[in-house]
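The next block holds one structure in the form of structure tokens; read it before the comments.
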Amino acid sequence: MITIDAIRQPIGEDLKAFDQFVADNINAEGELLQEMLTYALSSRGKGVRPILTMLAALTCMPDRPNPESRHCSKRTYLAALIMEMIHTASLIHDDVLDSADERRGKPSVNAKWQSNLAIILGDYILATTMALGMASAQYDIVSYVGSAMATLCEGEILQSQHARNFDTTRGDYFDIIYQKTASLLGVCAALGALSVGAAREDVERMRKYGEALGMAFQIQDDILDYNRNNNTGKPANNDLREHKITLPLIEVMEHASDDERKEMIELLKRCDEDEAALDTLHAKVNNGGGIERATETMQAYLSRAMHLVSKYEDTPYRKALIDLCTFVAERDK
Ligand code: FPP
Ligand code: MG
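Taking our numbering as reference, the numbering of the sequence shown is continuous, increasing by one, and the terminal residue is 913.
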């Protein structure tokens, strides 16, 4: 079993320095704003995005120094910080949109301070981050970031549009998870490579690696949502309650007759207020092979991601990028 700590191990010192970099650069004037900011940053989660940026940077260092003497520069930290803050802000906004009370086992920002303040906190984090990026004059890094944020918003709108209409197809689902998760992880890895001056083809290869990893990451997230024993800190079956059709359900609906499909949609429409309907639909997905088939698709993305980094020299950083793929498949939180 691969743990996130094992993946963090080759960049332990860099991650410590990165935490200090965040503490030094992301602060607020005003007691309440600082309290909210501290709260939001204190439960940042696994830190997959900064890990990805740093590992991509250290894997792609163009002059290939001895692996033991490789360390990240401030430029890599800045790229990692920007991506982590976009992610943090997007989850704060996402919990408002989903009316979610919990995030990572703790009350969400909106549950603690209400939605209006949560929205402003998310905006503040984005604004501060962009100001930092501009002040650093690392315009090549900053220029990647605007479109990454726009893509996230497109994904979120597309998802809520389909959740309202109960009409998410397989193609829609892949568009949504690409936009809301994979594109951002692709930019994290690409920026790691860019931050060390890697060749354009390496920047693009890392982007593709991050995107494939991100597709798998979101599929696993959607699978975990069906697992009532998961350790995610989120209540199970959130997606069904929010009327979201994700891959495990799509797999079962695609193998069902027209009548069965209609019945599943009718059940889905009631999942936000009817526990019996939720249980029935949950059982149909579990017993209908939805989880197994979604897992196969996830594995295919991970094989692609592993293949993409296989061309790099064998260093602890490349190994950690490969281990990250195994971790995504095995994780239960
Ligand atoms: C989590 O999805 C949500 C995202 C990965 C993206 C959210 C994006 C926005 C709200 C757009 C705003 C963008 C910016 C740049 C602030 P989920 O609800 O499936 O996951 P969850 O179960 O963790 O909540
Ligand atoms: Mg959500």
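A virtual CB, placed ideally from N, CA and C, is assigned to each residue, including glycine.
DSSP lists 682 as the beta-bridge partner residues of residue 687. Put simply, the residues with a CB less than 5 Å from any heavy atom of ligand 2 are 674, 678, in chain order. Fewer than three Cβ pairs drawn from the region 644–659 and the region 682–697 lie within less than 8 Å of each other, which leaves the two stretches out of contact. Under the Cβ criterion (8 Å, minimum of three pairs), the region 807–826 counts as touching the region 732–749. Between the region 767–781 and the region 636–645 there are three or more C-beta pairs closer than 8 Å, enough to call the two in contact. For residue 851, the shortest separation between its Cβ and any heavy atom of ligand 1 does not lie below 7 Å. Short of 7 Å from the beta carbon of residue 833, and not among the five residues preceding or following it, lie these beta carbons of its own chain, in chain order: 841, 844. Around the beta carbon of residue 900, a 10 Å sphere encloses 16 or more other beta carbons of the protein chains shown; the residue is thus reported as buried.
Straight through space, the alpha carbons of residue 754 and residue 684 are spaced by roughly 25 Å.
Here residue 911 is buried, its C-beta having at least 16 other C-beta atoms within 10 Å. With a minimum length of 4 residues, the unbroken runs of alpha helix (DSSP H) contained wholly in the region 592–640 fall at 592–605, 611–622, 628–640.
661 is the residue among 888, 661, 857 whose C-alpha sits nearest the C-alpha of residue 721. Per DSSP, the continuous alpha helix (DSSP H) segment holding residue 828 begins and ends at 827–834. In this structure, residue 725 keeps its C-beta atom at 8 Å or more from the C-beta atom of residue 797. Taking the CA atoms as reference points, residue 827 sits about 10 Å from residue 751.
Between residue 871 and residue 806, the C-beta gap is smaller than 8 Å, which places the two residues in contact. Not a single heavy atom of ligand 1 lies less than 7 Å from the C-beta of residue 869. Judged by the Cβ position, residue 702 qualifies as a neighbour of ligand 1 at the 7 Å threshold, a heavy atom of the ligand being closer than this.
Relative to the non-hydrogen atoms of ligand 1, the Cβ of residue 736 comes within a distance shorter than 7 Å of at least one. The three-state reading of DSSP puts residue 892 in coil, since its state is none of H, G, I, E or B. Judged by DSSP in its simplified three-state form, residue 854 adopts coil rather than helix or strand. Taking every protein chain shown into account, the CB of residue 620 has 16 or more other CB atoms within 10 angstroms, so this residue is buried. Between the alpha carbons of residue 671 and residue 856 lies a distance of about 29 Å. DSSP places residue 642 in the coil class of the three-state scheme, outside both helix and strand. Here residue 887 is exposed: its Cβ has fewer than 16 other Cβ atoms, across all protein chains shown, within 10 Å. The nearest non-hydrogen atom of ligand 1 is 7 Å or more from the C-beta of residue 690.
Straight-line spacing of the CA atoms in residue 711 and residue 719 works out to 12 Å.
With distances taken between CA atoms, residue 766 lies nearest to 785 out of 785, 780, 868.
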